[in-house]
Every structure is written in C-alpha cells, then in structure tokens.
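For reference, the structure discussed in these notes is given below.
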Amino acid sequence: MSNAAISQAVEAIRSATTITVLTGAGMSAESGVPTFRDVQTGLWAKYDPMTLATPEAWEDDPALVWAWYQRRRAMLQAVEPNDGHRAVAEWASTADVRVVTQNVDDLHERAGSTDVVNVHGSLFACRCDTCGRHHEVEAREPDGERVDPPACECGGRVRPGVVWFGEMLPQNAFAEATARAEACDVFLLVGTSGVVYPAAGLPHIARGAGATIIEINPQETDLSDACDITVRATAATALPEIVSALR
Ligand code: APR
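Positions 220 to 466 (this note's numbering) are the ones given, in order, by the sequence shown.
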C-alpha cells in the first residue's frame, strides 16, 4: 500500500509512549463476523434486531432473545481473528498498547490480546438477570427460535452479558476506557462509525488530553474531522503494515 497517511501514522506512533486502540464492527468485518443485520437470515428474518437487543424483549420473550444470542455465539465460533486483530496483539507485546472495543465478539482475545476493555460487554460473559452471578454457557446453534435461558441458583435467568439498547454501559469498563483515552499519546480508532455514544466520545476525551487521533477506516465517519490522520484502508491491511513498519 503506498499511503502517505500510513507513514504519517507510523511517525506519530514512533514518538508515542502509550497508544490506546478503540475498535468497532469494522475490526471484525474481515473475519466475516455478521453484522447485526446480516445475522437475520432464515427463521430470524422476521425479527428486528433493534427490538431483540432490548431489556423489553427479554422481559416479554426471554426464550426468543436467548435463542437469538445462542445463534450469534455459534456463528462467532465459526470465524477466526484476522490479521488486524493479530497485529494489535503482536504490537502490545513490544509497546504499551491498550485495547478498548465496542465489539461483543472475542476475536481480540483469541488473537492474543490480553486486558481488553469491552465497553459493550461480551457475548460470552453471561450473567444472572437477578443476582448478577457469572455463568459459563456453551455456545450451541439453537434448534428453533425459542430456547429457554438457563436458570440461576437464585431463581433468576441467565442473560447475555452485552449492553442492550437503552442500558447503561458497565461502569468499571467505561471508567477504564476513559482512563485509557486520557492516558494515551496516540488514540487509534479502527472500524467504528463513531455514532454510538458514549464510546464515540472517547476520541474527544483523548484529544482534550493532548493525544494525536488516528483513524483507520475505508470510509469517512462522523469522527474523521476530529482526527489528525485518517488512513483510508481496512483494518486487516493497515494494521499489519503499521505494526511491521514499527519493528
Ligand atoms: N476495516 C476497517 N473499518 C471497516 C471495515 C474494515 N474492513 N469494514 C467496515 N469498516 C467500517 C465502516 O466504514 C464503518 O465506519 O467500520 C465501521 C462500522 O460501523 P458500525 O457498524 O456503526 O459499528 P460500530 O461503530 O462498532 O457501532 C457501534 O453500535 O450496533 C451498535 O453496540 C453496537 O458496538 C456497536 C455500536
């Protein structure tokens, strides 16, 4: 890739001590992770994900919501981290690179990243909807469109550990994400449209604290104007190139 923006990004990163990487759906696109809408095929086509991913849907029809999340977990098991995830993990072994993700998949972790902050929770971190206790759940393709969620010892139901529309972000995770935005010299945005707050406010926090803001995204986004450097390339091409130039 002959890209002046990549060279500028490398130069800015070379003079940084701490780098915070904020990733969104575009980070996992090249792994083939279906987006929210792509997941709606077959018997799910008649359901709107915007209404399934809500506390109201869980109250009304927990078996429907649980089956839908079981399907998403099963789909995720069939994909692999891409070169972008791997580059971020490798980079963190030689530099102070801190990852914050809006994705509810586990691809950063599977690529080898440790200490990832999941501001929108995780498909795999299930918990009781009543007592909050953590539950390990096997990802299995559901047989139909309704599967009863497992029961907790307290009598509550086990729910997906993701942030639903209308819910607050996990407080500790968002506090840590904010701290990572404040502490970095370079804030690298990868594959996020920057329309969902409060996560989309993190680059502004970083900028206010004096960081250089770099965006990797093939498309312009709502955050592009606030960036110092914009790399118009995909995550799985730009990140390995940047990380190899830093070696
Ligand atoms: N590499 C980098 N960026 C990409 C790639 C790629 N291969 N493919 C697509 N993109 C970019 C798109 O141009 C877009 O700007 O990824 C971005 C994806 O935007 P969204 O789908 O809005 O995803 P995200 O920003 O993560 O959404 C935030 O909204 O749906 C909710 O809670 C969900 O966490 C999610 C939040």
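Every residue gets a Cβ at the ideal spot worked out from N, C-alpha and C, and that includes glycine.
Item	Value
Backbone secondary structure at Arg-471 - three-state DSSP	Any answer about residue 471 is impossible in this case: the structure gives the chain only from 220 up to 466.
Any non-hydrogen atom of ligand 1 closer than 7 Å to Gly-385 Cβ	no
Minimum Cβ-Cβ distance from Glu-275 to chain E less than 8 Å	Of the protein chains in the structure, only one exists, and it is not chain E.
For Ser-412, the first and last residue of its enclosing alpha helix (DSSP H)	Neither: Ser-412 is in no alpha helix (DSSP H) and is coded neither H nor E.
Residues of its chain near Pro-459, where Cβ-Cβ distance is below 6 Å and the 5 sequence neighbours each way are ignored	Asp-302, Ala-306
Limits of the unbroken beta strand (DSSP E) element including Phe-343	340 to 347
DSSP state of Thr-242 mapped onto helix, strand, coil	strand
Alpha-carbon to alpha-carbon, Glu-230 and Ser-221	Residue placement at Ser-221 is flagged as unreliable, the pLDDT there being 48, under the threshold of 50; the coordinate-derived value follows with that caveat. About 15 Å.
N-terminal and C-terminal residue of the beta strand (DSSP E) that Pro-379 is part of	377 to 381
Residue closest to Gly-491, alpha-carbon to alpha-carbon, out of Ala-370, Gln-321, Thr-456, Asn-337	Outside the displayed span of the chain (220 to 466) sits residue 491, for which this structure offers no information.
Secondary structure of Ser-221, DSSP reduced to three states	Low local confidence applies: a pLDDT of 48 at Ser-221 is under 50, so the model's placement there is unreliable, with the coordinate-based value given in what follows. Coil.
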